[in-house]
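Residues 1 to 471 (the working numbering) are what the first sequence spells out, left to right. The beta carbon of each residue, even a glycine, is placed where N, CA and C say it ideally should be.
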Amino acid sequence: MSLAIFWFRRDLRLSDNPALAAALANHDQILPLYVHAPQEETPWQPGAASRWWLHHALSDLFAQLHGGLLIRHGDSLATLLELVRDTAAEAVYWNRLYEPAAVRRDTEIKKVLRAAGVKVVSDNAALLFEPWELCNRQGNAYRVFTPFWKRLLEFGLPQPSAGSQASRGKLMQAAEQGTLGAGSVDELGLRPGLPWEGGLAKAWRPTRAGVEARLDEFLAADLRDYAHGRDLPGRDQVSRLSPYLHFGQLGPREIVLACRKVPHAAADFLRQLGWREFAHHLLFHFPHTCEEPMDDRFREFPWRQDGPAQCAWQKGETGIPLVDAGMRQLWASGWMHNRVRMIVASFLTKNLLLSWQGGARWFWDTLVDADLASNSLGWQWTAGCGADAAPFFRVFNPVLQGERFDPRGDYVRQWVPVLSNVPAKWIQRPWAAPEDVLREAGVVLGENYPHPIVDLKETRLRALDAWGRVR
DNA sequence: TGAAATGTTGGGGCG
DNA sequence: ACGCCCCAACATTTC
């Protein structure tokens, strides 16, 4: 009778799970384990929105396993050693993580377990390719997206391997785990316990059934005209799969497989999956880039300190409608449309001249899809200090972006309801509207909607000057 | 996965 | 009919 522990981390699914499939193939009985150890991810412990999602993802996995998921809270290595001792497990299986803290921890755990005579098997459930499997002709990591993606496509987009649907009859049932001291998901205390979670619950279905339904719906309807429609936040023609991917309730290879089955071209959408892949590639090879700019010239960049401005940005009270709409969508639903993420990030770093790290930290705490790799890439891209970064002179004008991508103001109306009666012509810049137009719409600037906290033209020039000095 | 300034062109109003 | 000016509309350059 051979027993192995399967350690769930951010691969909270039973399908397309290579390490789980390998464990099932090689052992008679598998103990499914989850260890809650946020302190091991310091300084990037999951934020409130992320914990809310994790709570539901774990509850759902617990249900899929009919309660046969051992839940522990504490030190990962100590927990594994204790369970190996108590169950006489021969092996521990897991799927890899790529954040610097997780890599350090897992390397140490692997070393200690092997020294103790325990077999350790790790595999890749989170990415299309391991970060070290793709390199340029000089054998170096990629720093530019396009050649990276081109190379990946040359290798071919991988699909779930056949063995991943192995028998689940060997998974140890709850009754058999009786003496091992299982905790419950509720005991982990992951839910915010704020009225806030009502907004998250309304916006999301954080379960495997939820993601399967979402994927089908997206591929059937929203993939047509995706290249254009994904830029319109009012239309919301985007996949919304990112939180499921982060927690591994859906694997990227499952997405590739699903795309093969639809009649429309999926290349533009898969390219977005490529950006997620690229972000992991970069964070693995340049692990300091979640804290520090990749471009050393930005180490001494003169970011301002401005608490009130930072706060206005966070609360969506900048007086710039599209920025405020995005920040309010984030707070209310734990998510923001990608086009708007770029706009609010440009506004924070360029118009307010506040550090990208501060923005990244706020996103980290409020996004249900907060992912260290994607978040770091996105913010460094906007700030112009990262790999394949936006050119220094690229400053988004949130008014023009609004007129181009939210021309009727649908998105602004939804998230900044006080502006809902402002005509489309003025909704992206109410401060410029004639008095009678505002009066008729019920808007009183400085009363029920703020005056803009900065002048867009002036702050653009200030940003150009600051970025110009870096060159 | 920009925006603004500057340059060019061509149609129409008008003397 | 002609030249002149104005100014969209579009293209190019610059940040």
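### Query
Roughly how many angstroms lie between the CA atoms of residue 464 and residue 298, to the nearest whole one?
14 Å
#### Entry: Backbone CA spacing between residue 113 and residue 4 [nearest angstrom]
13 Å
### Query
Are the beta-carbon atoms belonging to residue 204 and residue 328 less than 9 Å from one another?
no
### Task
Could you check what DSSP says for residue 252 in three-state terms: helix, strand or coil?
The answer is helix: DSSP assigns residue 252 an H, G or I state.
### Query
Rounded to a whole number of angstroms, what is the C-alpha to C-alpha distance between residue 376 and residue 289?
In a straight line, the C-alpha of residue 376 is about 7 Å away from that of residue 289.
### Message
Looking at residue 282: is its Cβ nearer than 9 Å to the Cβ of residue 389?
### Response
no
#### Entry: C-alpha gap between residue 421 and residue 209, whole angstroms
A straight line joining the alpha-carbon of residue 421 with that of residue 209 spans about 38 Å.
### Query
Going by DSSP, which residues form a beta bridge with residue 142?
Residue 142 pairs with nothing; no bridge assigned.
### Task
Classify residue 123 as helix, strand or coil using the three-state DSSP reduction.
strand
### Query
At a cut of 8 Å, does the stretch 64-79 reach the stretch 174-182 through at least three beta carbon pairs?
yes
### Query
Should the stretch 49-68 be regarded as contacting the stretch 7-14, the criterion being three or more beta carbon pairs within less than 8 Å?
With a cut-off of 8 Å, the stretch 7-14 and the stretch 49-68 count as touching, because enough Cβ pairs lie within range.
### Query
Residue ranges of each alpha helix (DSSP H) run of no fewer than 4 residues wholly in the stretch 338-362, ordered along the chain?
338-346
### Task
Could you tell me which of 330, 34 and 431 sits nearest to residue 48, measuring between CA atoms?
330
### Query
Mapping DSSP to helix, strand and coil, what is residue 30?
strand
#### Entry: residue 336 burial status per 10 Å Cβ neighbour count (16 or more: buried)
buried
### Query
In whole angstroms, what is the alpha-carbon distance linking residue 42 and residue 443?
44 Å
### Query
What whole-angstrom Cβ distance do residue 373 and residue 285 have, given they're in contact under 8 Å?
Incorrect: roughly 11 Å between the Cβ atoms, too far for contact.
### Inter-stretch contact (C-beta, 8 Å, three-pair minimum) for the stretch 101-112 and the stretch 21-31
With fewer than three CB-CB distances shorter than 8 Å, the stretch 101-112 does not count as touching the stretch 21-31.
### Segment contact flag, the stretch 345-357 with the stretch 303-315, C-beta cutoff 8 Å, min 3 pairs
Result yes; three or more Cβ-Cβ pairs closer than 8 Å.
### Task
Would you check if there are 3 or more beta carbon pairs closer than 8 Å linking the stretch 432-449 to the stretch 262-273?
no
### Task
May I ask you to report which of helix, strand or coil DSSP gives residue 136?
coil
### Straight-line Cα distance separating residue 235 from residue 481
The question about residue 481 has no answer, for the chain in this structure spans 1 to 471.
### Message
For residue 164 and residue 155, what's the separation of their Cα atoms in angstroms?
### Response
With a pLDDT of 49 at residue 164, under the threshold of 50, the modelled position of this residue cannot be trusted, and the question is left open.
### Message
My assumption, with CB atoms under 8 Å, is that residue 134 sits in contact with residue 142. Please give the rounded CB distance.
### Response
Taking the Cβ atoms as the reference, residue 134 lies roughly 7 Å from residue 142, within the contact range of under 8 Å.
### Query
Cα separation between residue 16 and residue 253?
8 Å
### Task
Under 8 Å by Cβ, that's how I've got residue 383 and residue 356 pegged, so tell me the actual separation to the nearest angstrom.
4 Å
### Task
Check whether the stretch 32-40 touches the stretch 119-127, counting contact only when three or more Cβ pairs, one atom from each stretch, lie closer than 8 Å.
no
### Query
Do you know how far the Cα of residue 213 is from the Cα of residue 176?
33 Å
### Query
Looking only at its own chain, which residues have a Cβ that is under 6 Å from the Cβ of residue 418, when we skip the five neighbours before and after it?
448 and 449
### Through-space distance from residue 411 to residue 445, alpha-carbon basis
20 Å
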